[in-house]
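Trainee: No gaps in the numbering here: position 85 of the sequence shown is 245 in the numbering used here, and each next residue is one more. Cβ atoms here follow ideal geometry from the backbone N, Cα and C, with glycine treated the same way. Questions regarding the structure given below will be posed in turn.
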Amino acid sequence: MTLTTEQQEEIKKDPANWVSIGGGYRVQGFIDTMMHRVPDAICLDRKNYILTQCKDKKVLHLGCRGDSPKTSGFHEDIIAVAEIVYGIDIVEMDCPNFVQMDLEKDDWVDYFKDKEIDVIVASEIIEHLNNAGMFLEKVHRFGLPVIITVPNAHCQTQYSLLRVGIEYDNASHVAKYSYHTMKNLLDRHDFEIKWFAWLNWFVPYYSKGLLFVVFPREKSE
């Protein structure tokens, strides 16, 4: 990158404030704001991991119906391995311990608050919601560990198809999440990330999905 005379003079005035990166120079403040280290993590299969974590547990499965061939039948798979599974979805399902409710509008927390639950599964649901923060506030009230998965905004398939003018995304998604944006959302609503992994692709960073195992923190005054 060729620097203008003005840029060269600025760097000379305060060289400690400039960082050489990607063939150019950026001020330290820009890097602090715009560049974020992504953790080194393993790649794993979403379905297998969640089923392992639900084995012999009491599970609350949010958005349990799924809206694609890849997610349909997943609730029944959890039922097959867990001790008991409670399910919520806006679309009716014919299965035990299911309640048809709107995760954003209905008071499903009070409905399930007195149930004995070990873990909450919120897999492939947050990217569909109009208000993800409001949803997380409701989940926080349980005080339980939560398994969250979302599609990866930086998935390799996204970039490959976008080069030919095609956006690859579920028709009902309203948001894309990266590790950084999801971490910000969780932090703002008092969840601590205990574990993170890439999902359903053998290459980190460009995987198809992101997995977060989170625990609620105490709300600050």
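Given this structure, state the Cα-to-Cα distance separating F302 from W355, to the nearest angstrom.
Mentor: The residue labelled residue 302 in the question sits at position 142 within the sequence shown. The residue labelled residue 355 in the question sits at position 195 within the sequence shown. Spanning the two alpha carbons is a distance of roughly 19 angstroms.
Trainee: Report yes if the C-beta distance between I307 and L296 is below 9 angstroms; otherwise report no.
Mentor: Within the sequence shown, numbered from 1, the residue matching residue 307 stands at position 147. Within the sequence shown, numbered from 1, the residue matching residue 296 stands at position 136. No.
Trainee: V281 and L370 look like a contact to me (Cβ under 8 angstroms); what is the Cβ gap, rounded to whole Å?
Mentor: On the sequence shown, position 121 is the one that residue 281 refers to. On the sequence shown, position 210 is the one that residue 370 refers to. Rounded to the nearest angstrom, the Cβ distance from V281 to L370 is 15 angstroms, too far for a contact under 8 angstroms.
Trainee: May I ask you to verify whether the stretch 237-255 touches the stretch 209-224, counting CB pairs closer than 8 angstroms and requiring at least 3?
Mentor: yes
Trainee: Indicate the three-state DSSP secondary structure (helix, strand or coil) for E378 in the structure shown.
Mentor: In the sequence shown, counting from the first residue as 1, residue 378 sits at position 218. Coil, per DSSP.
Trainee: Output the boundary residues of the alpha helix (DSSP H) element that contains F295.
Mentor: Against the sequence shown, residue 295 aligns to sequence position 135. It spans 292-300 - the alpha helix (DSSP H) in which F295 sits, taken as one unbroken run.
Trainee: Please report how far the alpha carbon of Y328 lies from the alpha carbon of E276, in whole angstroms.
Mentor: Locating residue 328 in the sequence shown gives position 168, counting from the first residue. Locating residue 276 in the sequence shown gives position 116, counting from the first residue. If you take the alpha carbons of Y328 and E276, they lie about 39 angstroms apart.
Trainee: Write down the C-beta distance between A292 and A357 rounded to the nearest angstrom, noting that I regard them as a contact closer than 8 angstroms.
Mentor: The count along the sequence shown starts at 1 and reaches residue 292 at position 132. The count along the sequence shown starts at 1 and reaches residue 357 at position 197. Wrong, their Cβ atoms sit about 20 angstroms apart, outside the cutoff.
Trainee: Need the endpoints of the alpha helix (DSSP H) that D249 sits in, please.
Mentor: Indexing the sequence shown from 1 puts residue 249 at position 89. Taken as a continuous stretch (DSSP letters only), D249 belongs to no alpha helix (DSSP H), being part of the beta strand (DSSP E) at 244-249.
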